[in-house]
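Shown next, in the form of structure tokens:
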């Protein structure tokens, strides 16, 4: 049956939700949604969260199928941790500008040119790049991991130059940065942010460390998506300016409906350039099709998976003190 035609010739929202629930049960599937997904997808998911946290939660379930509403590297991470489960992604074109900025063959060449460096690599990368790395980090585990590496050890950090630069400024570590950026966090405008702060005097700014320094420098809190969400719930005051992909505000509104959450503007303040175009490729209809057909399916070579898992396992071992805090816990800027 054509996925666009449903039981009675059309497929309205209610029918889609019912069909997804039916398939979720029949397939013994767990549905994961990243905080950057549209609200309607977040609301039907079994788990909503950060990329690694979602993959770890799915691995702990007895589900046979993981439907990951996120981007490709996230679904690949779920497959790395759950090789026995079928992992589907509603749209295989849902990529990531950070992953695209770091082709494996170029990263391998770069590593060969700097043999005295170890590679700390942000989780926003392909399975192939994970396999070429020594330790994977998340935005919230990176500082803890850096603190355990001897100061004399030279480090390559990729693919996000803004996250790497933030960590270098905060820790004093001199790292060789791969020149990748997140197109969403790169889009925020300092001028428009300052205008917004002037309209809401006293309102704190929470920013993701993928933002450029000229945004992070105005933030009262810098951390992972889970960390930003926690800060929004615990902060004093009733207004927060949020410098990350704005769909996370859906969870903030659900947790604290009495507060006012304002997305930081991009460009001239009127564009939608702070919305991730890759995340937006996932739709409820595509999720239904993925559960129905078990396609598009994430597959990978077992030897590659094992190599990639080694770098992930090193991260989990080194950041074990913060496991369970949501993507291994938030980073708080202390002003030092």
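Residue numbers (UniProt numbering): 1 to 336. Ideal Cβ placement from N, Cα and C applies to all residues, glycine included.
* Asked: Roughly how many angstroms lie between the CA atoms of residue 114 and residue 300, to the nearest whole one?
  -> Along the chain shown, one-based indexing puts residue 114 at 114. Along the chain shown, one-based indexing puts residue 300 at 300. If I take the Cα positions, the gap works out to 28 Å.
* Asked: To the nearest angstrom, how far is it from the Cα of residue 287 to the Cα of residue 278?
  -> Sequence index remark: in the chain shown, residue 287 carries index 287 (1-based). Sequence index remark: in the chain shown, residue 278 carries index 278 (1-based). If you take the alpha carbons of residue 287 and residue 278, they lie about 15 Å apart.
* To do: Sort 91, 266, 255, 260 by Cα distance to residue 245 and report the nearest one.
  => Here residue 245 refers to the residue found at position 245 of the chain shown. The shortest Cα separation from residue 245 among 91, 266, 255, 260 belongs to 266.
* **residue 242 burial status per 10 Å Cβ neighbour count (16 or more: buried)** => Counting from 1 along the chain shown, the entry for residue 242 is found at position 242. Counting Cβ neighbours within 10 Å, residue 242 comes out buried, since at least 16 surround it.
* Asked: If you count every other CB in all the chains shown that lies within 10 Å of the CB of residue 290, and 16 or more means buried, which is it?
  -> Here residue 290 is taken as the residue at index 290 of the chain shown, counted from 1. Buried is the call here.
* Is it buried or exposed for residue 337, if we count other Cβ within 10 angstroms and need 16 for buried? -> Absent from the structure is residue 337, since the part of the chain shown begins at 1 and ends at 336.
* Alpha carbon to alpha carbon, how far is residue 41 from residue 29? Give it in angstroms, no decimals. => Within the chain shown, residue 29 is the residue found at index 29, counting from 1. Within the chain shown, residue 41 is the residue found at index 41, counting from 1. Cα to Cα, the separation comes out at about 15 Å.
* With a 10 Å radius around its C-beta and 16 neighbouring C-beta atoms as the bar for buried, classify residue 328 as buried or exposed. => Start at 1 with the first residue of the chain shown, and residue 328 comes out as number 328. Caution applies to residue 328, whose pLDDT of 34 falls short of 50 and renders its modelled position unreliable; the value that the coordinates give is listed next. Result: buried.
* **Beta-carbon gap between residue 121 and residue 130 smaller than 8 Å** => For the purposes of this step, residue 121 is taken as the residue at position 121 of the chain shown. For the purposes of this step, residue 130 is taken as the residue at position 130 of the chain shown. Residue 130 is positioned such that its CB atom lies closer than 8 Å to that of residue 121.
* Taking 8 Å as the cut-off, decide whether the C-beta atoms of residue 203 and residue 197 are in contact. => As a position in the chain shown, residue 203 is number 203, starting the count at 1. As a position in the chain shown, residue 197 is number 197, starting the count at 1. Result yes, Cβ atoms of residue 203 and residue 197 sit closer than 8 Å.
* Check whether residue 252 and residue 135 have beta carbons under 8 Å apart -> As a first step, residue 252 is located in the chain shown; it is residue number 252 there, counting from the start. As a first step, residue 135 is located in the chain shown; it is residue number 135 there, counting from the start. No.
* Asked: Residue range of the alpha helix (DSSP H) that residue 253 falls in?
  -> Looking up residue 253 in the chain shown gives position 253. Counting along the chain, the alpha helix (DSSP H) containing residue 253 begins and ends at 249 to 255.
* DSSP three-state call for residue 180: helix, strand or coil? -> What you label residue 180 is simply residue 180 of the chain shown in a count that begins at 1. Three-state result, residue 180: strand.
* Asked: residue 312 lies in the beta strand (DSSP E); which residues open and close that run?
  -> Counting from 1 along the chain shown, the entry for residue 312 is found at position 312. Premise fails: residue 312 lies in the alpha helix (DSSP H), 302 to 318, not in any beta strand (DSSP E).
* Between which two residues does the beta strand (DSSP E) carrying residue 206 extend? -> Within the chain shown, the letter at position 206 stands for residue 206. Counting along the chain, the beta strand (DSSP E) containing residue 206 begins and ends at 205 to 207.
* Asked: How should residue 254 be labelled, buried or exposed, when 16 other C-beta atoms within 10 angstroms of its C-beta is the threshold for buried?
  -> Here residue 254 refers to the residue found at position 254 of the chain shown. Per the 10 Å Cβ criterion, exposed.
* **Close-in-space but distant-in-sequence residues of the same chain around residue 235 (CB under 7 Å, 5 per side omitted)** => Here residue 235 refers to the residue found at position 235 of the chain shown. The answer, listed in chain order, is 204.
* If you follow the alpha helix (DSSP H) that residue 162 is part of, which residue opens it and which one closes it? -> Numbered from its first residue, the chain shown carries residue 162 at position 162. Per DSSP, residue 162 belongs to the alpha helix (DSSP H) from 161 to 171.
* **Beta-carbon contacts of residue 214 that lie in its chain and below 8 Å, excluding the five residues immediately before and after** => As a first step, residue 214 must be located in the chain shown, where it is residue number 214. Cβ within range, chain order: 190.
* Cβ contact (3+ pairs, closer than 8 Å) linking the stretch 78 to 98 and the stretch 49 to 69 -> yes
* **Length at least 3, wholly inside the stretch 81 to 125: the beta strand (DSSP E) runs in chain order** => Counting only runs of 3 or more, we get 86 to 88, 117 to 122.
* Asked: Span of the beta strand (DSSP E) holding residue 61?
  -> By 1-based counting over the chain shown, the position of residue 61 is 61. Where residue 61 is concerned, there is no enclosing beta strand (DSSP E), given that its DSSP letter is neither H nor E.
* Asked: Once you ignore the five residues that flank residue 171 on each side, which residues in its own chain have a CB closer than 8 Å to its CB?
  -> Translated into positions along the chain shown, residue 171 becomes position 171. Once the five neighbours on either side are set aside, the close Cβ partners of residue 171 are 143, 146, 147.
* Asked: For residue 237, which of helix, strand or coil comes out of DSSP?
  -> The residue labelled residue 237 in the question sits at position 237 within the chain shown. If DSSP states are grouped into helix, strand and coil, residue 237 belongs with coil.
* Would you report the Cα separation of residue 312 and residue 199, rounded to the nearest angstrom? -> On the chain shown, residue 312 is found 312 positions in, with the first residue counted as 1. On the chain shown, residue 199 is found 199 positions in, with the first residue counted as 1. Their backbone Cα atoms lie some 43 Å apart in a straight line.
* To do: For residue 33, write down the residues that DSSP places opposite it in a beta bridge.
  => Residue mapping note: residue 33 aligns to position 33 of the chain shown, counting from 1. In DSSP, residue 33 forms a bridge with 48, 69.
* Asked: Which word fits residue 22, buried or exposed, when buried means at least 16 other C-beta atoms lie within 10 angstroms of its C-beta?
  -> Along the chain shown, one-based indexing puts residue 22 at 22. Under the 10 Å beta carbon count, residue 22 is surrounded by fewer than 16 other beta carbons and is classified as exposed.
* **Closer than 7 Å: residue 241 CB and nearest the ligand FAD heavy atom** => In terms of ligand content, the structure shown is empty, and the ligand FAD therefore cannot be addressed.
* Starting from the C-beta of residue 112, find all residues in its chain whose C-beta is less than 6 Å away, skip the five residues before and the five after it, and write them out in chain order. => Here residue 112 refers to the residue found at position 112 when the chain shown is read from its first residue. Correct list: empty, nothing qualifies.
* What span of residues does the alpha helix (DSSP H) with residue 215 cover, start to end? -> One-based indexing of the chain shown puts residue 215 at position 215. 213 to 216 is the span of the alpha helix (DSSP H), which, as asked, contains residue 215.
* For residue 8, count neighbouring C-beta atoms within 10 Å of its own C-beta (all shown protein chains included) and say buried if the count is 16 or more, exposed if not. => One-based indexing of the chain shown puts residue 8 at position 8. Confidence at residue 8 is low in this model, with a pLDDT of 40, below 50, so the placement of that residue is unreliable and no value is reported for it.
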